[in-house]
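Single-structure report; data block below.
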Amino acid sequence: MYIVKVPGINGLGKTKGCEKAPNVVLEALKEIHSNENGKPIDSRLLDLEEIHLENSNLELTNNLIYKNSFKMFETQPKTLFIGGDHSISYPITRGFFDSCQNSGKEPCLIVFDAHADCMKPMKEPTHEEWLRKLVEDGFPARNILLVGVRNMWQDEIVFLKEKAIRMISMNQFLDNLQDTCDIIMEFSDGKELYVSIDIDVVDPAFAPGTGYQESGGLSSRDFLYLIQRINKIKNLKGIDLVEINPEKDKDNQTVKLGAKIIGELI
54 MYIVKVPGIN GLGKTKGCEK APNVVLEALK EIHSNENGKP IDSRLLDLEE
104 IHLENSNLEL TNNLIYKNSF KMFETQPKTL FIGGDHSISY PITRGFFDSC
154 QNSGKEPCLI VFDAHADCMK PMKEPTHEEW LRKLVEDGFP ARNILLVGVR
204 NMWQDEIVFL KEKAIRMISM NQFLDNLQDT CDIIMEFSDG KELYVSIDID
254 VVDPAFAPGT GYQESGGLSS RDFLYLIQRI NKIKNLKGID LVEINPEKDK
304 DNQTVKLGAK IIGELI
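For the sequence shown, the positions run 54 to 319 when our numbering is used.
Printed below as a string of structure tokens:
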């Protein structure tokens, strides 16, 4: 798997610190010697790249992320992007969408997030608006699945209903974790898949190092099970892991969980 550091932030000052996550999380990965399937992990052998960004120039930042990610979708079988805040997902998924259109394949997007990120977008979408901007750009709403959302603005609720974007609530996981995983995997059947992971989908008891904590999330154990299932999907083309903020972490819990997630994806 190709791993790309994307230290981009556009959270109106609220996500400062997330730009440090790629290096910190990859450093923590050195302490993980194998994943739970017994596959050895040697961080020295990882195929790593970084998109070097100037976060004071958001237009340039988005263009750089878009051009680089588009090229990776065209040339790499599977790519993992480590952010950064959730604003980086807009240019990356736009690159994914355009790559799918070029190849005549149908795109699919699954987002794990405590929030919908569907506020009315600014010119350069922030971490609170990126998904709505993607839909407005033409990404098929019927092929988007939101998982774990548990706090939305009224405007977002209206937008999601208008676009008929499908959602899986936290209560569905309580009913049956395995069945819910089956639904998630079936959603992407026959399509090219991109998965976006905001670490706040996990309950802050397990992942406190993020800017917008929302109680009632997934346990780290359940989320790792989800990741292990999703990583078996053959048409998985890209993943991003965002919103880890080392400056807000406690006892390195969130950073270590981020490293663990990467270990299960490798």
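Beta carbons: idealized from backbone N, C-alpha and C, even for Gly.
Owing to the predicted nature of the structure, the values given are computational and were not obtained by experimental measurement.
Secondary structure of residue i, DSSP reduced to three states
i, result
"Glu103", "strand"
"Pro75", "helix"
"His139", "helix"
"Ser109", "coil"
"Tyr55", "strand"
"Ile163", "strand"
"Met205", "coil"
"Leu133", "strand"
"Ile286", "coil"
"Ile210", "helix"
"Pro174", "coil"
"Leu294", "strand"
"Pro93", "strand"
"Glu127", "helix"
"Tyr119", "helix"
"Tyr247", "strand"
"Ile315", "helix"
"Ile252", "helix"
"Ile5", "Because the chain here runs from 54 to 319, residue 5 falls outside it and cannot be looked at."
"Ser87", "strand"
"Ile197", "strand"
"Leu271", "strand"
Residue j beta carbon less than 7 angstroms from that of residue i
i, j, result
"Phe126", "Val57", "no"
"Met238", "Lys131", "no"
"Leu310", "Ser273", "yes"
"Gly137", "Val78", "no"
"Ile297", "Thr307", "yes"
"Ile104", "Asn121", "yes"
"His139", "Asp208", "no"
"Leu198", "Phe165", "no"
"Val255", "Leu279", "no"
"Pro193", "Glu182", "no"
"Pro299", "Lys69", "no"
"Lys117", "Ile315", "The residue asked about is misnamed: residue 117 is Leu in this sequence, not Lys. Cβ distance not < 7 angstroms, so Leu117 and Ile315 don't count as in contact."
Beta-carbon proximity list for residue i, same chain, < 6 angstroms, skipping 5 on both sides
i, result
"Leu184", "Asp170, Cys171"
"Gln225", "Thr233"
"Lys67", "Gly264"
Contacts around residue i, its chain only, beta-carbon distance under 7 angstroms, and the 5 residues preceding and following it disregarded
i, result
"Cys147", "Going by the sequence as given, residue 147 is Arg instead of Cys. So the qualifying residues of the chain are Tyr119, Leu187, Asp190."
"Lys313", "Ile85, Leu277"
"Pro178", "Ser140, Tyr143, Lys186"
"Leu331", "The chain is shown from 54 up to 319; residue 331 falls before or after that span and cannot be answered."
"Lys287", "none"
Burial state of residue i, where buried means 16 or more other Cβ atoms lie within 10 Å
i, result
"Pro167", "A small fix is needed here, since residue 167 is Ala in this sequence, not Pro. Buried."
"Ala217", "exposed"
"Ser87", "exposed"
"Gly61", "buried"
"Asn63", "buried"
"Leu227", "exposed"
"Glu215", "exposed"
"Asp235", "exposed"
"Thr263", "buried"
"Ile210", "exposed"
"Glu317", "buried"
"Asn196", "buried"
"Asp100", "exposed"
Chain-order list of residues whose beta-carbon lies under 8 angstroms from that of residue i (same chain, five-residue window excluded)
i, result
"Pro261", "Lys301, Asp302, Lys303, Gln306, Thr307"
"Leu213", "Ala169, Cys171, Leu199, Met205, Met220"
"Lys92", "Ile319"
Three or more C-beta pairs below 8 angstroms linking the region 89-102 and the region 150-159: Not touching, per the Cβ criterion.
Between the region 258-275 and the region 112-121, can you find at least three pairs of beta-carbon atoms closer than 8 angstroms? Three or more beta-carbon pairs separated by less than 8 angstroms are not found between the region 112-121 and the region 258-275, which leaves the two stretches without contact.
Between the region 238-257 and the region 156-166, are three or more C-beta pairs nearer than 8 angstroms? Yes, since at least three Cβ pairs between the region 238-257 and the region 156-166 fall closer than 8 angstroms, the two stretches touch.
Meets three-Cβ-pair contact criterion under 8 angstroms: the region 200-208 and the region 283-293: Short answer: they don't touch.
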